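**Student:** In the UniProt record's numbering, the protein residues as written are 1 to 228. Cβ atoms here follow ideal geometry from the backbone N, Cα and C, with glycine treated the same way. Please read all numbers here as calculations on a predicted model, not as lab measurements. Below you will find the structure I want to go over with you.
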Amino acid sequence: MGDPYFLTIQNNSGQPRLTFAVFAKLDIGTEPVASDPFCAAWIVRRIDDGNSYDFKWQLDYSVVFDTKGCDSGVTWEGHGGLPMDPKDSKKSLANFAYDGDYNFAYGFNDKPSDYNLYVVDDPDIPPFNEQPVSVGLSIALHDGASGAFVPEPAVATDGGPNLKHTFILHPTYYVAAGTFVKGQMADVSTVTSYYKIEYTDGVNDIIVTLDNENQWSQKPQVPSATRR
């Protein structure tokens with residue numbers, strides 16, 4: 001179980017019916033053939049003018065897949081979630097296979113660390129141009145209704161036979177307002193043009209505000225007892 005992070009989004013823009021989206025950016029390395037990573041709209045919430053909403057998550061990860069390729073504007077859905085732990089040699093590497101359907105299974109990583117997770121695409125994964133598939137990572141987001149932390153897809157990259165994907169676990173967070181749907185993909189250059197939320201050492205709770213000049217601001221806050 002990872003340490004919790006807290007975020008409050010305040011809409012003071014004067015604009016009703018805005019949809020706010022938070023993207024979690026993580027780097028993904030793919031070899032021997034490079035594949036661009038994409039971010040999925042991870043938190044999506046309509047917030048009317050004058051309203052604010054609280055969000056909470058922890059850095060618990062699962063690997064997931066979708067039976068489509070990654071591209072800007074595509075709605076990405078995670079399937080087949082397998083919980084991962086970068087510090088556990090038996091849960092920091094997953095094999096991704098195909099036998100008429102896709103599935104994950106734990107492999108063995110003799111050099112686990114705090115920083116990386118790995119997915120190895122088996123040779124039996126169909127070629128991308130015949131049957132597109134992509135693999136991604138979910139981060140556990142708190143569900144206020146159930147009180148549970150639920151894995152939600154955050155990043156993904158295209159899969160294919162004999163590929164190895166390295167997920168580097170240093171997420172950075174960006175927020176945007178406009179029209180978004182859950183899982184809507186954006187490339188990294190687009191996401192990094194959004195407003196960056198700065199979780200620095202010792203700061204795990206931030207309020208971000210969009211004002212009536214459409215300018216963003218942020219400041220740290222102390223989590224209340226009801227949000228811990």
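How big is the Cα-Cα spacing for N12 and P151?
**Tutor:** Sequence index remark: in the sequence shown, residue 12 carries index 12 (1-based). Sequence index remark: in the sequence shown, residue 151 carries index 151 (1-based). The straight-line gap from Cα to Cα measures roughly 30 angstroms.
**Student:** For P126, collect the residues of the same chain with a Cβ closer than 7 angstroms to its Cβ; drop the 5 residues on either side in sequence, then sort them by chain order.
**Tutor:** Position 126 of the sequence shown holds residue 126. Around P126: Y98.
**Student:** Looking at N162: is its Cβ nearer than 8 angstroms to the Cβ of G14?
**Tutor:** By one-based count along the sequence shown, residue 162 stands at place 162. By one-based count along the sequence shown, residue 14 stands at place 14. Not a contact, by the Cβ cut-off of 8 angstroms.
**Student:** Considering only DSSP beta bridges, list what F167 is partnered with.
**Tutor:** Counting from 1 along the sequence shown, the entry for residue 167 is found at position 167. Paired residue(s): I28, L117.
**Student:** Quick check on the burial criterion: 16 or more other C-beta atoms within 10 angstroms. Buried or exposed for P153?
**Tutor:** For this step, residue 153 is matched to residue 153 along the sequence shown. With 16 or more other Cβ atoms within 10 Å, it is buried.
**Student:** Hey, out of D60, Q221, A40, whose CA is closest to D3's CA?
**Tutor:** Taking the first residue of the sequence shown as 1, we reach residue 3 at position 3. The candidate whose alpha carbon is nearest that of D3 is D60.
**Student:** Determine the closest residue to W57 out of S138, L210, W76, with distance taken between C-alpha atoms.
**Tutor:** Within the sequence shown, the letter at position 57 stands for residue 57. Comparing Cα positions, the closest option is S138.
**Student:** Over what stretch of residues does the beta strand (DSSP E) that includes S52 continue unbroken?
**Tutor:** As a working note, residue 52 is residue 52 in the sequence shown. S52 -> beta strand (DSSP E) spans 52 to 66.
**Student:** By how many angstroms is the C-alpha of W42 removed from the C-alpha of V208?
**Tutor:** To locate residue 208, count along the sequence shown from 1; it is residue 208. To locate residue 42, count along the sequence shown from 1; it is residue 42. The C-alpha of V208 lies about 16 angstroms from the C-alpha of W42.
**Student:** Any chance the stretch 67 to 81 sits against the stretch 174 to 191, with 3 or more Cβ pairs inside 8 angstroms?
**Tutor:** Flag = yes, the stretch 67 to 81 and the stretch 174 to 191 touch.
**Student:** Would you kindly work out how many angstroms separate the C-alpha atoms of A176 and D101, rounded to a whole number?
**Tutor:** Position 176 of the sequence shown, counted from the start, is the residue given in the question as residue 176. Position 101 of the sequence shown, counted from the start, is the residue given in the question as residue 101. A176 and D101: Cα-Cα distance of roughly 35 angstroms.
**Student:** Do the stretch 47 to 57 and the stretch 127 to 146 touch if we need at least three Cβ pairs shorter than 8 angstroms?
**Tutor:** Between the stretch 47 to 57 and the stretch 127 to 146 there are three or more C-beta pairs closer than 8 angstroms, enough to call the two in contact.
**Student:** For the alpha helix (DSSP H) containing T190, list its first residue and its last residue.
**Tutor:** Here residue 190 corresponds to residue number 190 of the sequence shown, with the count starting at 1. Unbroken alpha helix (DSSP H) run through T190: 188 to 191.
**Student:** For my contact list, V191 and Y174 are in at a C-beta cut-off of 8 angstroms; report their separation, rounded to the angstrom.
**Tutor:** The residue you call residue 191 lines up with position 191 of the sequence shown. The residue you call residue 174 lines up with position 174 of the sequence shown. Right, their Cβ atoms sit about 5 angstroms apart.
**Student:** If we call anything under 8 angstroms between Cβ atoms a contact, is D205 one with P220?
**Tutor:** Taking the first residue of the sequence shown as 1, we reach residue 205 at position 205. Taking the first residue of the sequence shown as 1, we reach residue 220 at position 220. Yes, the Cβ-Cβ distance between D205 and P220 is below 8 angstroms.
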